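According to my numbering, the stretch in the sequence shown is residues 25 to 404, in order. Below you'll find the structure, written out as structure tokens, and then a few comments.
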Amino acid sequence: MNTTLSVIKADVGSIGGHVAPSRQLLDTVSRHVAHGLDGLLSDYFVGSTGDDIAILMVHDRGTGNAAVHELAWDAFRAGTEAARGQGLYGAGQDLLIDSLSGNVKGMGPAVAEFEIQERSNEPFLMFLADKTEPGAYNLPLYLAFADPMNTAGLLLTPEINKGFRFRVQDVNYTDGDRLIDLNAPEDLYDLAALLRDNGRFVVESIWSRHHGDQAAVVSTTRLQNIAGKYTGKDDPVMLVRVQKQFPATGEILAPFGIAHYVGGFMRGSHVGPLMPVPHGTTCSYFDGPPIVSCWGFCVHEGRLTEPMDLFQHPFWDLVRTRAADKAMEIRRQGFSGPAMLPYSELEYGGIVHILERLERRFSIRAARTVEPLRTAESVS
Ligand code: 13P
Ligand code: 13P
Ligand code: MG
Ligand code: MG
């Protein structure tokens, strides 16, 4: 049976700064999405991490479906009204246009969706990250789908041994989706050369080379490219199918144990470690640190099981402690060097005005010509 999983996320307001949505806001969004069960959706789930709300919708209408996108958009609009009513901070933050026609892609909300042929048992994971960018998933995906040091299945399972195809998007390009397909393992070095640059090259999807099925999809929206100025980070969502011809759940989760440094900490302008957290976790230290949560589900004939909170396990307490140490360590150097994102990532922020003002005050000092030293030999 063909099933479409669509996750659409937005930040439409939060309590106490960019911390977390209110109960009333979450309830309003959920109530609105529930209308979709009247013939459009077979199931849905609403969850939050930091100040972002993700709506997972299950249906049979394929990706980019106007009715499904409109349902999520209207739910976020209703949420925005609730947020305004409560005076929440940043009400409607990620809804960048007034009215929607068709597809929410490029309109502010982050979208990740795929149409799958349901396996007889179909386990999958939904990730939601806050205070970071879509490229935050680059390293975990590379390790999970291409590195046998992480994923034993690449050696042990014939269906996985053929490797995976990575579709990478250049998110700086705004006239369309600029994409390249690279195969693991043959193209590993080319893949690494792109994926090292989280701000520009982002894994958009991953495909099995054994049977061609899609394994993963990541939201690749860049809000600054849409709005022309900084309006909040592109807090990304991701769906990953697991087990059998795909990596095991634990192989997908393991790379998050690194708590690798990513962009998006404080005002979307700093670098911080990505801390794996239980869902519903708020943001705190320096508007962060960047956080990621993960729900595990099975979908069967269009119906979802209850969610499993995969970063709630006690194992992740140690990772969180290490991530907190890493966060404080990089914060010790404030604005200096790699603690802050490069100028290209800040170009829509206020720092541009400072640099423009200072431009006029720079002067060029003429290069001084240095007289050659006169030695005793040259004098005589
Ligand atoms: P089970 O034997 O518990 O199904 O686990 C299989 C597996 O490969 C887990 O990594
Ligand atoms: P969000 O993108 O999560 O709204 O955060 C914005 C910000 O600048 C926090 O410091
Ligand atoms: Mg916010
Ligand atoms: Mg956010």
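Every residue, glycine too, gets a C-beta built ideally from N, C-alpha and C. The structure displayed is predicted, hence computed values, not measured ones.
Using DSSP bridges, identify the partner residues of residue i.
| i | result |
| --- | --- |
| S30 | M81, E137 |
| R189 | N207, W231 |
| Y285 | P297 |
| V226 | Q193 |
| D67 | V82 |
| T73 | D76 |
| Q238 | W231 |
| L263 | M150, V241 |
| S54 | Answer is none; S54 lacks a bridge partner. |
| A251 | Beta-bridge pairing links A251 to no other residue. |
| I39 | A44 |
Let me check you understand the geometry: is the CB of residue i closer than 7 angstroms to at least one non-hydrogen atom of ligand 2?
| i | result |
| --- | --- |
| R291 | yes |
| H42 | yes |
| G159 | no |
| Q248 | no |
| G132 | no |
| K268 | no |
| D16 | Residue 16 cannot be examined here, being either before or after the span of the chain that is shown, 25 to 404. |
| G114 | yes |
For residue i, which residues of its own chain have a beta-carbon under 7 angstroms away from its beta-carbon, when the five flanking residues on both sides are left out?
| i | result |
| --- | --- |
| A251 | L120 |
| L218 | V192, F225 |
| S293 | M364, L365, L370, G373 |
| D199 | none |
| P362 | V295 |
| V43 | D75, T306, C307 |
| E137 | T28, L29, S30, V31, T87, V241 |
| C322 | N145, E146, P147, T329 |
| Q48 | A106, Q110 |
| I276 | L149, A168, V264, V266 |
| I204 | V192 |
| R346 | A283 |
| G187 | N207, A208, P209, R233 |
Whose C-beta lies closer than 6 angstroms to the C-beta of residue i among residues of the same chain, with five residues either side of it excluded?
| i | result |
| --- | --- |
| A58 | none |
| W97 | L124, V128 |
| M16 | For residue 16 there is no data in the structure shown, the boundaries of the chain being 25 and 404. |
| Q267 | P147 |
| W231 | R189, Q238 |
| A78 | V31, K33, G71, L152, V261 |
| M290 | F310, D311 |
| R344 | M299 |
Compute the minimum distance between the beta carbon of residue i and the heavy atoms of ligand 4, and state whether it is under 7 angstroms.
| i | result |
| --- | --- |
| G74 | yes |
| D67 | no |
| D154 | yes |
Spatial neighbours of residue i within its chain, please: C-beta separation below 8 angstroms, excluding the five flanking residues on both sides.
| i | result |
| --- | --- |
| I140 | N26, T27, T28, L29, E146, D237, Q238, R265 |
| L215 | Y166, A170, F190, V192, L206, A208 |
| P172 | L178, L179 |
| M131 | W97, L119, L120, I121, L124, I250 |
| P133 | I32, K33, A34, A96, W97, F100, D118, L119, T245 |
Does the Cβ of residue i lie closer than 7 angstroms to at least one heavy atom of ligand 3?
| i | result |
| --- | --- |
| D258 | no |
| G312 | no |
| Q336 | no |
| S38 | yes |
| Q117 | yes |
Every unbroken alpha helix (DSSP H) within the region 363-398, with a cutoff of 4 residues, ordered by chain | Those alpha helix (DSSP H) runs which fall completely within the region 363-398 and span 4+ residues are 367-370, 375-383.
Minimum length 4: unbroken alpha helix (DSSP H) runs contained in the region 291-359 | With a minimum length of 4 residues, the continuous alpha helix (DSSP H) runs that stay inside the region 291-359 are 339-355.
Where in the region 87-157 do unbroken runs of the beta strand (DSSP E), each at least 3 residues long, occur, reported from the N-terminal end onward?
-> Listed in chain order, the complete beta strand (DSSP E) runs (minimum 3 residues) inside the region 87-157 are 134-141, 146-154.
Report all residues for which the CB-ligand distance to some heavy atom of ligand 1 is below 6 angstroms; order them along the chain.
-> That query returns the following residues: A272, G274.
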